[in-house]
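Just below is one structure, and these are the notes that go with it.
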Amino acid sequence: MLESYFTGLLVCGGIIVAIGAQNAYVLSQAIRREHHWWSAGLCMASDVALFTLGMFGVSAALMAVPQALEALRWLGVVFLGWLALQALARAGRGRAVLEAGAATRRSLKGVLLTTLAVTLLNPQVYLDTLLLIPAIGVQQQDATTFVAGASSASVIWFGALAWAGSALAPVLSRPAAWRVIDGLIGVMMAAIALQLAFGSALI
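The C-terminal residue of the sequence shown carries number 203 in the working numbering, and the numbering is unbroken.
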């Protein structure tokens with residue numbers, strides 16, 4: 001059971017940490033101290049709901065059609081490899097930084113609606129939570145423990161963004177910091193892609 005939990009924690013953690021629109025938005029809210037805990041909490045709840053739906057809904061169909069599981073495994077390899085290349089490219093060329101500007105403070109409703117938009121209108125979210133993660137989780141010994149590990153990764157990550165965002169504002173104003181972050185993300189995504197391709201962690 002612990003193995004399933006840590007697999008969910010590490011695999012999903014590696015996927016969640018990839019700085020996308022959702023993560024960048026939560027981090028920018030934390031830097032501005034603008035309803036950031038509400039935004040992070042909504043992201044956590046969305047992830048838990050999607051992980052559960054994907055694992056106990058989509059996974060049943062995957063088990064009934066082994067060919068689909070194999071196809072999804074290679075889709076995951078390609079997708080994660082693409083994420084790795086993108087992150088490493090950003091690390092090489094640099095990217096725009098998040099700044100704690102003196103923007104007009106938005107309402108809680110506006111922040112929550114924007115959080116939902118960057119979460120649910122991103123096709124990558126559905127590929128991760130409804131396809132890629134169940135494809136891995138269905139091969140674990142305990143699906144419930146795997147989902148618990150995946151959910152823990154979301155809670156830990158978004159909690160860390162909300163808590164540390166304001167404190168990290170001076171660091172995140174430096175382009176070099178984003179080069180390091182993207183470099184680490186690229187290496188992590190590449191490692192997960194190789195793990196999926198050779199099946200060492202899935203058998």
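Don't be surprised by glycine CBs; every beta carbon is placed ideally from N, CA and C. Quick caveat, the model's predicted, so the values are computed rather than measured.
Exercise for review: Look at residue 108 and residue 163 and say whether their C-beta atoms are less than 8 Å apart.
Suggested key: Against a cut-off of 8 Å, the Cβ pair of residue 163 and residue 108 comes out as no contact.
Practice item. Identify every run of the alpha helix (DSSP H) within the stretch 3-78, keeping only runs that are complete inside it and at least 4 residues long; order them along the chain. Key: The stretch 3-78 is shown to contain whole alpha helix (DSSP H) runs of 4 or more residues at 21-32, 36-53 and 59-64, in chain order.
**Study point:** Stretch pair the stretch 24-44 + the stretch 114-121: three plus CB contacts closer than 8 Å
**Key:** Segments in contact, yes.
**Study point:** Residue nearest to residue 89 in terms of C-alpha spacing, selected from 9, 12, 179 and 192
**Key:** Of the listed residues, the one whose Cα sits closest to residue 89 is 179.
Exercise for review: State yes or no: is the C-beta of residue 197 within less than 8 Å of the C-beta of residue 77?
Suggested key: A contact, by the Cβ cut-off of 8 Å.
Check your understanding: Over what stretch of residues does the alpha helix (DSSP H) that includes residue 179 continue unbroken?
Key -> Its alpha helix (DSSP H) spans residues 175-198.
**Study point:** Pick from 67, 111, 93 and 5 that is closest to residue 22, judged by C-alpha positions
**Key:** Closest in C-alpha terms to residue 22, from the list 67, 111, 93 and 5, comes 111.
Check your understanding: Do residue 44 and residue 155 come within 8 Å of each other at the CB atom, strictly closer than that value?
Key -> With a cutoff of 8 Å on beta-carbon distance, residue 155 and residue 44 are scored as near each other.
Review point. Using the C-alpha atoms, what's the distance from residue 25 back to residue 132?
Key: For residue 132 and residue 25, the distance between alpha carbons rounds to 23 Å.
Exercise for review: Under 8 Å by Cβ, that's how I've got residue 46 and residue 119 pegged, so tell me the actual separation to the nearest angstrom.
Suggested key: By a beta-carbon distance limit of 8 Å, residue 46 contacts residue 119. Their separation comes to about 5 Å.
Point to revise | Per-residue burial, residue 193 [other beta carbons within 10 Å of its own, 16 or more giving buried] | key: Taking a 10 Å sphere around the C-beta of residue 193, we find 16 or more other C-beta atoms and assign the residue as buried.
Practice item. Enumerate in chain order the residues of its own chain whose CB-to-CB distance from residue 8 is below 6 Å, with the five nearest sequence positions on each side excluded. Key: Result list for residue 8: 146, 149 and 150, in chain order.
**Study point:** Start and end residues, alpha helix (DSSP H) containing residue 149
**Key:** Note, residue 149: alpha helix (DSSP H), 143-164.
**Study point:** residue 115, enclosing alpha helix (DSSP H) - first and last residue
**Key:** Counting along the chain, residue 115 sits inside the alpha helix (DSSP H) bounded by residues 108-120.
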